[in-house]
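Note that the working numbering has the sequence shown beginning at 49, numbered continuously upward.
Just so you know, even glycine gets a beta-carbon here, dropped at the ideal spot from N, CA and C.
Computed from a predicted model, the values in this text were never measured in an experiment.
Here the structure comes first, spelled out in structure tokens, and everything after it is commentary.
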Amino acid sequence: MKSKKSSVVVLTSLFLSIGLSQGLIAQENIPFTKAVHMAKYLEPSRVYAEQNKISAQKLKELEKRTGKKPNILILIVDDMGYGDPGVYGGGAMIGAPTPNIDALANNGILLTSTYAQPTCTPTRAAIMTGRIPARSGLTRPILTGEQPTVNPWADEVTAAAMLSKNGYITALSGKWHLGEQDGYWPHQVGYDEYFGILSVASEFTQGMMERRYPDMVYNPERMKVLDTLSHRAITAGKKGGKLESVQEIKTLDELAEIDQKVAEYSESFIRKAVKEDKPFYLVHSFIKVHNDNFPAKAFKGKSPAKFPYKDAVIEVDDITGRLVNLLKELKIDENTFVFFTSDNGANEDLWPDSGYQPFKGGKGTTWEGGVRVPGIASWPGMIKSGKQSDGLFDLMDLFNTSLTIAGIENQISPDRYIDGVDQTSFLLGDEGKSNREAVFMYSEKTFMALRWEEYKVHMKVFDVKHPMANLDESTILNVGMAPWIYNLYMDPKEQASTGHRYFEWGIGTAVGLIREHGNTYKDFPMKDIGLGIAGK
Ligand code: CA
């Protein structure tokens, strides 16, 4: 495997002079830090003995009561903004009430500092592998017909694969977007079953929407090529089997119904798992609300706002309610961990086909608007209802947390670095604190920013002079002598960097965390799968 030298840790002279030594810094020597190293290949985590005890006890008692391992249901919406659900300040206020998502949060814990990667593919890779995308190589979406030079999955281990080996029945339902070719399919990388689409909604609509893509739709030659590059169909597969085409998607009306088909599949999968008396791990991955949104017929014009995006939000909310209610109907809600989130911030570039967030920047950037997403965990009887926490949660923590819930966290192989942190005790402890010390934010392989406590420290920044064109018109800039620093409690929109004026006490710690993070690449390097832009 070709490894690339880390591009992390380009620090300015001022901060190199702070006095932190080069090379690996012992965590205990970084001022203010609370995380501890458990092993060289594991991200340091904050350990709270009392909440660990409570969490372990709860899991033990549950297993004793049910005689089974808990089920895990992860719901990932595509491109939903932090502010879209009602419980996050949106809902009815922005013309798309979300009663089901709100109820899920009210019955569980609402996390206000959940972080994704800036785009779809890297976030999904991080959730599946527990690793920062620079390590798996899946640092940005693979585009129509694009062929990576190296299959990243050849040496990655998914949570699904580990759970499947340990008595779980595992499925990926809905959007994959982690490679379309043979060798990349969900049922080839650990899932027992897959039903959904291998790419993304816009890969379908570019051959269907006359108004947006006339240069493609009205050009038969190009359409012919598109058909060879992209399989626009609902596909499915089972471990060890081929990829089957379930339904070719030729029209926008057919496209509009995909999430309904995926929901029906998830429902039948859950029923089957119960019937077979097996614990399940189901990643239900919505196709919506990624552009271009076409709500299912039953939801067309049904949101107060009437716009397709808002109709898509209420459709997603309705499906969320359907799945949660099914758990209750089957009497497995008390034995099922549910996590609801989005894979990146709202895509401002596509407005009005995009969501809402009370932050600067959107999808594609490492401003809060690009990476801070809804994060709701619910588990009746296990997670106290009505909780809210600003503790840090990175979506890659779902890897470790899922393994701990299943009792197989000790099976993580030491031959790779796991950037995820086990957050079971944070979520299950009645007064739980986050086990995560910091969130490291990247644009592809470039380290951009750190979130630590309530502070955001940017080592590089996205210049979003064109606020509605983040993916295509923003550029990455180096900061000057000092990092750009924001206290997110005082300045959640990251409007005015206070530099080190109010944070001199914390810079040493922040820089130490970044440098120590950068040092992990020495033994556990980045992977290059050939996604780089030519000349970059
Ligand atoms: Ca996305």
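- Note on the region 316-391: whole beta strand (DSSP E) runs with a minimum of 3 residues are 328-333, 384-390, in chain order.
- Residues whose Cβ lies closer than 5 Å to any heavy atom of ligand 1, listed in chain order: D126, D127, C168, D391, N392.
- Setting aside the 5 residues that flank it on each side, T452 is surrounded in the same chain by D470, T472, each with a C-beta closer than 7 Å to its C-beta; the list follows chain order.
- In the DSSP annotation of this structure, Q405 is not part of any alpha helix (DSSP H), being labelled neither H nor E.
- Per the coordinates, the alpha-carbon of E521 lies some 26 Å from the alpha-carbon of S278.
- Closest option to M141, judged by alpha-carbon separation, among D132, M507, I149: D132.
- When rounded, the separation of the alpha-carbon atoms in G139 and T146 is 5 Å.
- Under DSSP, G222 shares a beta bridge with G244, S333.
- When DSSP states are grouped into helix, strand and coil, W532 belongs to the strand group.
- In the DSSP assignment, I424 forms a beta bridge with L158, F388.
- L375 counts as buried, since at least 16 other C-beta atoms from the protein chains shown sit within 10 angstroms of its C-beta.
- In the DSSP assignment, F474 falls within the unbroken alpha helix (DSSP H) covering 472-476.
- Residue environment for M86: exposed (fewer than 16 other C-beta atoms within 10 angstroms of its C-beta).
- Taken atom to atom, the span from the alpha-carbon of V273 to that of G185 is near 27 Å.
- 8 Å or more divides the Cβ of I335 from the Cβ of D127.
- DSSP places G554 inside the alpha helix (DSSP H), whose first and last residues are 552-571.
- The region 431-439 makes contact with the region 152-160: 3 or more CB pairs, one atom from each, lie closer than 8 Å.
- Around the C-beta of L191, fewer than 16 other C-beta atoms lie within 10 Å, and the residue is accordingly described as exposed.
- Of the candidates T413, M176, N383, T253, N383 places its Cα closest to the Cα of K112.
- Under the three-pair Cβ rule at 8 Å, the region 173-181 does not count as touching the region 397-416.
- Within the same chain, and ignoring the five residues on either side of A182 in sequence, the residues whose Cβ sits closer than 7 Å to its Cβ are Y490, K493, M574.
- In this structure the region 221-229 does not lie against the region 252-259, because fewer than three pairs of beta carbons, one per stretch, are closer than 8 Å.
- Under DSSP, K541 forms no beta bridge with any residue.
- Cβ-Cβ distances below 6 Å link G455 to nothing in the same chain once the five nearest sequence neighbours on each side are left out.
- Bridge pairing for R94: A83 [DSSP].
- Ranked by Cα distance from Y534, the options V505, G417, G528 are led by V505.
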